[in-house]
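Chemist: Going down the list, the sequences are from chains A and B. In terms of our numbering, the first sequence opens at residue 26 and continues consecutively. In terms of our numbering, the second sequence opens at residue 791 and continues consecutively.
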Amino acid sequence: MQEQTVTFRILRGTIVNDKLVQRTQDFEVPCDATTTVLHALEWIKGEIDGTLTFRRSCRASICGSCGMYINGRSRLACKTKVNDILAGNVAKNIAPAKDGVIEVGPQRNQPVLKDLVVDIEPFYAKVKTLDPFVQDGPEKDEHVTKDSFSQVNMVSNCIMCGACYSDCTAMVENPDFFGPAALAKAYRFVADPREGNKTERLKELSEKNGIWDCTRCNMCIDACPKGVAPMEAIVKLRSLAMEAGITDNRGAKHAMVFKDDIATWGVLNEPFMLLKTAGVVGALGQLGNALNLAKVGKIPNPFPFDHKVDKLDEVKAIYRELQENPIDVRTRSDDSGPGAG
Amino acid sequence: MIQHDILIIGAGLAGMRAAFEGISAGLDTAVVSKIHPLRSHSCAAQGGVNAAINPKDDWRHHAYDTVKGADYVGDQDSIDLMCSEAPQAVLDMDAMGCPFSREEDGTIAQRAFGGQNFPRTAYAADRTGHAMLHTLWEQAIKLGTKVYDEYFLMKITTDGGRASGAIVMDVKTGKLHQINAKAVCIATGGYGRLFASNTNAMTNTGDGLAHAMRAGAAAADLEFVQFHPTGLRNSGILISEGVRGEGAYLIGKDGQRFMQKYAPNKLELASRDVVSRSMTTEIMNGNGVNGGVFLDVRHLGRDLILERLPQIRQLSIDFEGVDPIDQPIPVRPTCHYTMGGIRTNKMGQSEQLQGLFAAGEAACVSVHGANRLGANSLLETIVFGKITGKDMVDFVTNREGRERPKSDAGDVQEVSAQIAQLKARPREGGAKQSDIRKYLTEAMQEYCGVFRSAEGLAQAMDAVNRAKADMQKVFVDDKTDAFNTDVITALELGNLVLLAEATVMAAIERTESRGAQSRIDYPKRDDANWIVHITSTVDPNGKLTLGRDAVRTVDNPQYAPAERVY
Ligand SMILES: Cc1cc2nc3c(=O)[nH]c(=O)nc-3n(C[C@H](O)[C@H](O)[C@H](O)COP(=O)(O)OP(=O)(O)OC[C@H]3O[C@@H](n4cnc5c(N)ncnc54)[C@H](O)[C@@H]3O)c2cc1C
Ligand code: SF4
Ligand code: SF4
Ligand code: FES
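In structure tokens form, the structure reads like this:
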């Protein structure tokens, strides 16, 4: 990308008499191949308009300050290159911007304080209610091994940037939902051998506003700049909770009905859900033929309960296979080794 | 007015570790941070933290490496304390739940780091600082520590010769608050933003250090600023030493390697200061492009680059627009760490201002002397966070700190007037903060950076004087109260200008080359005259004065100055 002038359309906001008043404002910003959205915002603030307000600190996608809504998704301004947004970038799953305009607004699902700054209090309040610290208790295991934290590694990459929370669809329906980051953080403790109250935690997480409120829309996985994949953590928490016999709640019952339906009838109303879950837990390979059949569409009818599927025996085979070779829901993320100093 | 027993400014590793001690002792302890604690710059540290945990290691070796690395101006009592307490400090973090990487047998994994004789650097994958910071934050929630998130330090207040608290601004509303405390701890980190090219977060502006100096505390070692050889040329983002470990070459504009001229044996793998100086020499001799030279990995081949250096490749593509498979990466020496800070005794207490403590990068207990060893600064934060925290508890419960100092409401008015004055200045005929920041940091980089000389430092001082004059007419566009980051960055710039002046003065004063200070006009280390700290103090009129403070020694013949060869 040559040096060129790019239009930034920024959603500005101020609180007037306790009410948020928003308007868009355009700025023409000189950009080249290395310009990030944060560079551009800094340039605008320094050269054109010092009133433009946003958070930032590390400029290296590690502090989580600069989360904002950029061309249709929550992203980190310091990690987002203007060129990728303009031209699109398949590898980064970015579609080209329409009209060649960079659109920047505050994160969603949170009250706006000013311009691109949102109130992070509710987000953190939820994390705090989940007791985010290793606790002593009966299930504490002091013995840790080299791969004890393979579970913990992925979720402890979280920088609390709020991108997942901002894009979460369940949050729109239920603002009290704990949200993806808090639940990923909760998984960090459930997965830590040194945690003493794993089952207690799973019980709490199975209650209202917890793991069963997620609609599994995948948005948090797409939004997360650190590869935390909160939805996967939520799915794992669900499985662990059910394994621990915490089934006396709407979500778990729902899941069990689903399971029974499929086992009996071979249908459920979200045929892809199973696949997705199985894919997420990385066990497709183990299931071999049975699941491969399912994959190519042997669970054909998305409308439940009207008839049994043709090859029910194959569906049953999937279940048999699963029963004999239970999936390790705790996917692993290897220690990435030491980095720079 | 708000009252606490212990007030800690800064919620990075040092501040949070100190707070842990205050709360655990049952004292009313509060932490103020201009950004959310988890955003603190400590989160950026990847490499690790040193501690002689391995039974085959010995903290005395760690201490020896540190004394030598510091080029013999580190305080030996502090160094002994840090290294002997290190294993326990790391084990404390582990017990709090920090997910350190493990060896096969479950012990904390450790690896080798520069300038040390044993692999004693513990790490949590490639995010050690992040993992430790999250752990201390978790503990703060567990203990119910009061944290003033997004409150900006405006002034450290005093009552006679004693610190009495602080004036802080609630960033969300712009409202000023007076906090009174029996002990005040500064843990606001370093000021690497003073240099145009740096690896630091944008919030590393040395606010606490500048305010402590204004309140009457002394600073020391400000001339010692560490430059990492390979920051990306444009952004300063760190390219790990590991790339040279994989066999990367440093080449100039002419495409030729040059390290054989400077370090014929170790070549690209010579120590940080040697490599930084060599690169800068090449750049000054016209063998650079746009102020940088190049890190070349092309000869390693596409496969190895993709397999072993994927992140480095991505950083180069993202931030320099260069794919290292086809083109060399533009790099230049980049400011990484500020060794200087608030001068304290080995417990972290200021000797000039009673009741004032400091810990972490903001402090100068002087464990780093003229040159910090990699992975010793995370260690400093957790060891001295803990020690200083405990000492504050003792000060407040058993010593002079039992009595509460008085706060003066006039301080709020003064700060309030200062902000009003800033907002009242017109754009017309005023000075723009982005302009000041640019010429000041460029001058610091060029004239007070890797190489220094009397002439160069005089140029740097010219820029400082210009900045001081311009700060009198600096204006802000944002005249509102709520979340006024325009005002905050202007105030941060004011702090940087003070630290620039003090740094340049100390660099002029030290007429020798030692550790990170390299004077072209005084190329030799001068042990007869310069095994001493240069201190900097500010008088009530804002005038800076330099002084001297002896290097604290212990009776250990091994610590006698010797030539630093690796
Ligand atoms: C890229 C990078 C990598 C590094 N890697 C390593 C490593 O591998 N090993 C190692 O040992 N060291 C490393 N370091 C150095 C180390 O990270 C820092 O020295 C250390 O984290 C500093 O911690 P701190 O607690 O002193 O300050 P910080 O973590 O910088 O925290 C400062 C705190 O002060 C607050 N603050 C500042 N000003 C104000 C104000 N005006 N009002 C209110 N609050 C304020 C901030 O909000 C923040 O909470 C690295 C540094 C960098 C830049
Ligand atoms: S998958 Fe669940 S947690 Fe993630 S964004 Fe969708 S609803 Fe929210
Ligand atoms: S899970 Fe990812 S998107 Fe969500 S807060 Fe953490 S880092 Fe940000
Ligand atoms: S500025 Fe820290 S994540 Fe973007």
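C-beta: ideal position from N, C-alpha, C; glycine also.
What do you reckon, is the C-beta of Pro255 of chain A under 6 Å from a heavy atom of ligand 3?
Modeler: Taking the first residue of the first sequence as position 1, residue 255 of chain A is located at position 230. Under cutoff, so the answer is yes.
Chemist: Relative to the C-alpha of Leu1169 of chain B, which candidate in B:Ser1106, B:Gly812, B:Ser868 and B:Ala879 has its C-alpha closest?
Modeler: Locating residue 1169 of chain B in the second sequence gives position 379, counting from the first residue. When only C-alpha atoms are compared, the closest one is B:Ala879.
Chemist: Taking C-beta to C-beta, are Ala792 of chain B and His967 of chain B nearer than 7 Å?
Modeler: As a working mapping, residue 792 of chain B is identified with position 2 in the second sequence. As a working mapping, residue 967 of chain B is identified with position 177 in the second sequence. The displayed chain sequence assigns Ile, not Ala, to residue 792 of chain B. Yes.
Chemist: When you compare the CB of Ile1027 of chain B with every CB in chain A, is at least one pair closer than 7 Å?
Modeler: Counted from its first residue, the second sequence places residue 1027 of chain B at position 237. Cβ-Cβ to chain A under 7 Å: yes for Ile1027 of chain B.
Chemist: By the 9 Å beta-carbon criterion, what residues does the stretch 157 to 189 of chain A contribute toward chain B?
Modeler: Going along the stretch 157 to 189 of chain A in chain order, one finds Pro157, Phe158, Val159, Gln160, His168, Val169, Thr170, Lys171, Asp172, Ser173, Phe174, Val177, Asn178, Ser181, Asn182, Cys183, Ile184 and Met185 with a Cβ nearer than 9 Å to chain B.
Chemist: Could you name the residues of chain A that Gly896 of chain B contacts, counting a contact when the two beta carbons are closer than 8 Å?
Modeler: Against the second sequence, residue 896 of chain B aligns to sequence position 106. Simply His168, Val169, Thr170, Lys171 and Ser173.
Chemist: Please list, in chain order, all residues of the same chain as Gly1037 of chain B whose beta carbon is under 7 Å from its beta carbon, the five residues on each side excluded.
Modeler: Position 247 of the second sequence holds residue 1037 of chain B. Counting only Cβ-Cβ distances below 7 Å, and skipping sequence neighbours, we find Leu1090.
Chemist: Rounded to a whole number of angstroms, what is the C-alpha to C-alpha distance between Asp1317 of chain B and Arg1338 of chain B?
Modeler: To locate residue 1317 of chain B, count along the second sequence from 1; it is residue 527. To locate residue 1338 of chain B, count along the second sequence from 1; it is residue 548. Using only the alpha carbons, I get a separation of about 15 Å.
Chemist: Indicate whether Gln1142 of chain B and Ala1296 of chain B have their beta-carbon atoms separated by less than 7 Å.
Modeler: Working through the second sequence from its first residue, we reach residue 1142 of chain B at position 352. Working through the second sequence from its first residue, we reach residue 1296 of chain B at position 506. No, the pair does not count as a contact, with Cβ atoms beyond the cut-off.
Chemist: Under 7 Å, CB to CB, which of the residues in the stretch 72 to 88 of chain A have a partner in chain B?
Modeler: Per Cβ criterion, the list reads Glu72, Asp74, Gly75, Thr76, Thr78, Arg81, Ser82, Cys83, Arg84, Ala85, Ile87 and Cys88.
Chemist: Tell me the rounded alpha-carbon separation between Gly125 of chain A and Thr289 of chain A.
Modeler: The residue you call residue 125 of chain A lines up with position 100 of the first sequence. The residue you call residue 289 of chain A lines up with position 264 of the first sequence. Near 53 Å, if we compare the C-alpha coordinates of Thr289 of chain A and Gly125 of chain A.
Chemist: Given that a residue counts as buried once 16 or more other Cβ atoms are within 10 Å of its Cβ, and exposed if not, what is Ile1073 of chain B?
Modeler: As a position in the second sequence, residue 1073 of chain B is number 283, starting the count at 1. Buried, by the Cβ-count rule.
Chemist: According to DSSP, which residues form a beta bridge with Gln1144 of chain B?
Modeler: Within the second sequence, numbered from 1, the residue matching residue 1144 of chain B stands at position 354. Paired residues: B:Arg952.
Chemist: Taking Cβ positions, are Phe158 of chain A and Glu811 of chain B nearer each other than 7 Å?
Modeler: Here residue 158 of chain A refers to the residue found at position 133 of the first sequence. Here residue 811 of chain B refers to the residue found at position 21 of the second sequence. Going by C-beta atoms, Phe158 of chain A is not nearer than 7 Å to Glu811 of chain B.
Chemist: Counting Cβ pairs, one atom from each stretch, are 3 or more of them under 8 Å apart for the stretch 1233 to 1248 of chain B and the stretch 1057 to 1072 of chain B?
Modeler: Verdict: yes, contact present.
Chemist: If you measure between the beta carbons of Arg952 of chain B and Pro1351 of chain B, is that distance less than 7 Å?
Modeler: Here residue 952 of chain B refers to the residue found at position 162 when the second sequence is read from its first residue. Here residue 1351 of chain B refers to the residue found at position 561 when the second sequence is read from its first residue. Not closer than 7 Å, so no.
Chemist: Using only the heavy atoms of ligand 6, determine whether one of them is closer than 6 Å to the beta carbon of Met185 of chain A.
Modeler: Summarising the ligand content, the structure contains ligand 1, ligand 2, ligand 3 and ligand 4 and does not contain ligand 6.
Chemist: For a contact meaning CB atoms closer than 7 Å, what does Ile40 of chain A contact in chain B?
Modeler: Residue 40 of chain A sits at position 15 when you count from the first residue of the first sequence. What Ile40 of chain A touches in chain B: Ala1272.
Chemist: Does the Cβ of Ile825 of chain B lie closer than 6 Å to at least one heavy atom of ligand 1?
Modeler: Your numbering for residue 825 of chain B matches position 35 in the second sequence. Yes, since a heavy atom of ligand 1 falls inside the 6 Å radius drawn around the Cβ of Ile825 of chain B.
Chemist: Any idea if Asn108 of chain A is buried or exposed, counting beta-carbon neighbours within 10 angstroms, 16 or more meaning buried?
Modeler: Within the first sequence, numbered from 1, the residue matching residue 108 of chain A stands at position 83. Per the 10 Å Cβ criterion, buried.
Chemist: Closer than 7 Å between beta carbons: that is the criterion. Which residues of the stretch 1082 to 1116 of chain B meet it against chain A?
Modeler: Correct list: Asp1108, Phe1109, Glu1110 and Gly1111.
Chemist: Which runs of the beta strand (DSSP E) fall wholly inside the stretch 1039 to 1113 of chain B and span at least 3 residues, in chain order?
Modeler: Qualifying beta strand (DSSP E) stretches, in chain order: 1039 to 1041 and 1083 to 1086.
Chemist: Any chance the CB of Gln89 of chain A is under 6 Å from a heavy atom of ligand 4?
Modeler: On the first sequence, position 64 is the one that residue 89 of chain A refers to. Contrary to the premise, residue 89 of chain A reads as Gly rather than Gln in this sequence. Gly89 of chain A Cβ: within cutoff of ligand 4.
Chemist: Label Glu1151 of chain B either buried or exposed according to how many other C-beta atoms from any shown protein chain fall within 10 Å of its C-beta, with 16 as the threshold for buried.
Modeler: Here residue 1151 of chain B is taken as the residue at index 361 of the second sequence, counted from 1. Classification of Glu1151 of chain B: buried, given that the 10 Å Cβ count is 16 or more.
Chemist: Under 7 Å, Cβ to Cβ, is there at least one residue of chain B near Leu45 of chain A?
Modeler: Counted from its first residue, the first sequence places residue 45 of chain A at position 20. Leu45 of chain A does not count as touching chain B.
Chemist: Is there at least one non-hydrogen atom of ligand 3 closer than 6 Å to the beta-carbon of Ala912 of chain B?
Modeler: Here residue 912 of chain B refers to the residue found at position 122 of the second sequence. No, Cβ of Ala912 of chain B sits at least 6 Å from all heavy atoms of ligand 3.
Chemist: What are the boundary residues of the alpha helix (DSSP H) that includes Ala820 of chain B?
Modeler: To locate residue 820 of chain B, count along the second sequence from 1; it is residue 30. Careful: Ala820 of chain B lies outside any alpha helix (DSSP H), inside the beta strand (DSSP E) at Thr819 to Ser823.
Chemist: Under the three-state reduction of DSSP, which class applies to Lys223 of chain A: helix, strand or coil?
Modeler: Here residue 223 of chain A corresponds to residue number 198 of the first sequence, with the count starting at 1. Correct three-state label for Lys223 of chain A: helix.
Chemist: By how many angstroms is the C-alpha of Phe174 of chain A removed from the C-alpha of Gly221 of chain A?
Modeler: Here residue 221 of chain A corresponds to residue number 196 of the first sequence, with the count starting at 1. Here residue 174 of chain A corresponds to residue number 149 of the first sequence, with the count starting at 1. Cα-Cα distance, rounded: 15 Å.
Chemist: Looking only at C-alpha atoms, which of A:Cys239, A:Arg345 and A:Asp217 sits nearest to Asp285 of chain A?
Modeler: Working through the first sequence from its first residue, we reach residue 285 of chain A at position 260. The residue with the shortest Cα to Cα distance from Asp285 of chain A is A:Arg345.
Chemist: Counting only runs that start and end within the stretch 82 to 168 of chain A, where is the alpha helix (DSSP H) found for 4 or more residues in a row?
Modeler: With a minimum length of 4 residues, the continuous alpha helix (DSSP H) runs that stay inside the stretch 82 to 168 of chain A are 107 to 112 and 146 to 154.
Chemist: If we define contact as Cβ-Cβ less than 7 Å, is Lys139 of chain A a contact residue for chain B?
Modeler: As a first step, residue 139 of chain A is located in the first sequence; it is residue number 114 there, counting from the start. Yes, contact with chain B.
Chemist: List the endpoints of the continuous beta strand (DSSP E) containing Glu1190 of chain B.
Modeler: For the purposes of this step, residue 1190 of chain B is identified with residue 400 of the second sequence, where counting begins at 1. From DSSP, Glu1190 of chain B is part of no beta strand (DSSP E); its letter is neither H nor E.
Chemist: Rounded to whole angstroms, what is the Cα-Cα separation between Lys301 of chain A and Met244 of chain A?
Modeler: Here residue 301 of chain A refers to the residue found at position 276 of the first sequence. Here residue 244 of chain A refers to the residue found at position 219 of the first sequence. Low confidence applies here, because Lys301 of chain A scores a pLDDT of 44, under 50, leaving its location unreliable; read the following figure in that light. Taking the straight line joining both Cα atoms gives about 14 Å.
Chemist: For the beta strand (DSSP E) that contains Ser1326 of chain B, what are its first and last residues?
Modeler: Within the second sequence, numbered from 1, the residue matching residue 1326 of chain B stands at position 536. Counting along the chain, the beta strand (DSSP E) containing Ser1326 of chain B begins and ends at Val1322 to Val1328.
Chemist: What runs of the alpha helix (DSSP H), each 4 residues or longer, lie entirely inside the stretch 236 to 270 of chain A?
Modeler: The qualifying runs are 244 to 248 and 255 to 268.
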